[in-house]
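Residue numbers (this note's numbering): 95 to 589.
From the three backbone atoms N, C-alpha and C, an ideal C-beta is built for every residue, glycine too.
First the structure, in the form of structure tokens, and then the observations on it.
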Ligand code: NAD
């Protein structure tokens, strides 16, 4: 059922697309693209244009690198404590403006306000966490085993960083990179997704208010990311590429980065298995599955893509999940009662329709949803597919939508083999009351992150990232800052 689609009054908000700055943010100045081109930002709930942002070209890419380069020496030389205080202020301002930022995210991304509020809290935490990390970077000093010299290991800012982010978490995917990069003493150029640039621009203004000097964070939107990013990576002053997005684009960017041998961190796609064992607390498993499947209406890299349920609890689990999924309120992200917002684009809906149709043709049963509503907005209803056969395409592709794909299993070995039968390895979920089984299975699953008896795995204090073709490197936790630091080893016999 659709929730009320009233348009919230934006005039009293801090971030109103009609009045907030949306130029390229380079060297602390808001400016048009050199070619004067712009691109529309669309509200996925209504398909209406809500703003236009600059469409940067190659000259703008050069200007961005120049800005980051001129700000780099002073930022790297700033006392870590001072950098930490600026980052802490970013956290405080984001927290003060949380409600307005959440509304802006909901507007341009379509996600339900409750999900957007969660994203803002998560995103802001990368500044608090990295404010604390900025002053805790420690090196090594020890005697070489030969006894002839001392070994000193220092950590230095890696240099100018190009950061590329997707539309599904427009605030958090950016702050998960900007927080540690700035803490490490690096300057950055952020290229947000063209679908959701407003959050990136709103945050750029907020960083400036918090005391981030001009040129330390630069933001550039473009409809030609291939050539624009290639131009920046070809500049020898750029030393880091940090990308979050699909595995396909990640592969292209790794090839591009290889040309100048640039350090690359890759947070890529997922195909998370969610396993419910016969001894699971079924109500807890249902709660966890709703979170793992339905956060952002299923548009998350960690979303449960394949749900394996032991045959002895399959009927009960399926019935309860179908009840919960069909009761969700579908509507515009900004309507307070909405639980499942629209998809990001019309193409995203077409992809989901294709995957559901394919699964049904392969023999899956449709228990609810499955039919795109008529009218404006990129909606797809919460859908449950039962008895999804192995051959269905959605077992090997990210659904990225509100479709729960269920199938049965009999044994632990069987479900581990099925879960690992994918090129991806980002997140996996296990529900069992048997702790020994939980850890045994967790060790055997080929995933960078495991959620045991819960539906949420992301935590700014933990290392986020994937194995196999889900990525390279980790973001968050104590690991995150080291992606933006280079080790320098000094051998000396003088001390
Ligand atoms: P995408 O790969 O299409 O785009 C991601 C970003 O890359 C966007 O900013 C886009 O403009 C840019 N881009 C596209 N082509 C490019 C090119 N040739 N050169 C340089 N940049 C280019 O992904 P998306 O549709 O925006 O996001 C969804 C994908 O992101 C899913 O696969 C999801 O699993 C993944 N994701 C991963 C994580 C993670 O942490 N592992 C988090 C969120 C999303």
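Check	Outcome
Proximity test, residue 490 beta-carbon vs the ligand NAD heavy atom, cut-off 7 Å	no
Residue range of the beta strand (DSSP E) that includes residue 244	244-251
Strand pairing of residue 285, partner residues [DSSP]	258
Contact set for residue 282: own chain, Cβ-Cβ below 8 Å, skip 5 residues either direction	162, 254, 255, 256, 257, 271, 272, 275, 276, 310, 311 and 312
Best match in 562, 441 and 314 for proximity to residue 116 [C-alpha to C-alpha]	314
Backbone CA spacing between residue 324 and residue 356 [nearest angstrom]	12 Å
Span of the alpha helix (DSSP H), counted from its first residue to its last, around residue 543	First-last for residue 543: 543-546, but that is the beta strand (DSSP E), not the alpha helix (DSSP H).
Nearest to residue 600 (by Cα), restricted to the options 190, 228 and 140	Limits of the chain in this structure are 95 at one end and 589 at the other, which puts residue 600 out of reach.
8 Å Cβ cutoff met for residue 174 and residue 144	no
Span of the alpha helix (DSSP H) around residue 184	174-190
CB of residue 526 within 8 Å of CB of residue 366, strictly	no
Residue 487 (DSSP reduced to helix, strand or coil)	helix
Contacting residues, own chain, Cβ-Cβ under 7 Å from residue 404 (five flanking each side not counted)	370, 371, 372 and 503
DSSP state of residue 360 mapped onto helix, strand, coil	strand
DSSP three-state assignment for residue 578, whether helix, strand or coil	helix
Beta-carbon proximity check, residue 149 vs residue 317, cutoff 8 Å	yes
Separation of residue 237 from residue 285, as counted between CA atoms	44 Å
Endpoints, the beta strand (DSSP E) within which residue 480 is located	477-480
Segment contact, 8 Å Cβ cut-off, at least three pairs: the region 444-456 with the region 402-419	no
Contact set for residue 528: own chain, Cβ-Cβ below 7 Å, skip 5 residues either direction	373
Residue 530 versus residue 524: straight-line alpha-carbon distance, rounded	12 Å
Heavy atom of the ligand NAD within 7 Å of residue 259 beta-carbon	yes
From 241, 177 and 266, residue whose alpha carbon lies closest to that of residue 231	177
Cβ-heavy atom distance, residue 323 to the ligand NAD, below 7 Å	yes
Contact set for residue 586: own chain, Cβ-Cβ below 7 Å, skip 5 residues either direction	243, 244 and 246
Cβ contact (3+ pairs, closer than 8 Å) linking the region 181-191 and the region 206-226	yes
Minimum Cβ-Cβ distance from residue 391 to chain D less than 8 Å	In the structure shown, chain D does not exist; there is a single protein chain.
Stretch pair the region 463-481 + the region 491-498: three plus CB contacts closer than 8 Å	yes
7 Å CB neighbourhood of residue 487 in its chain, flanking five on each side removed	449 and 452
Beta-carbon contacts of residue 95 that lie in its chain and below 6 Å, excluding the five residues immediately before and after	Only weak support exists for where residue 95 lies, its pLDDT of 37 falling under 50; the value from the coordinates is given anyway. Same-chain partners within the cutoff: there are none.
Proximity below 8 Å, CB of residue 540 to CB of residue 561	yes
Rounded Cβ spacing between residue 54 and residue 121 (contact assumed at less than 8 Å)	In the structure displayed, the chain extends from 95 to 589; residue 54 sits before or after that span and is not available.
Neighbour-count burial assignment, residue 563, 16 or more Cβ in a 10 Å radius	buried
Rounded separation between residue 186 and residue 438 - CA only	29 Å
Straight-line Cα distance separating residue 215 from residue 423	23 Å
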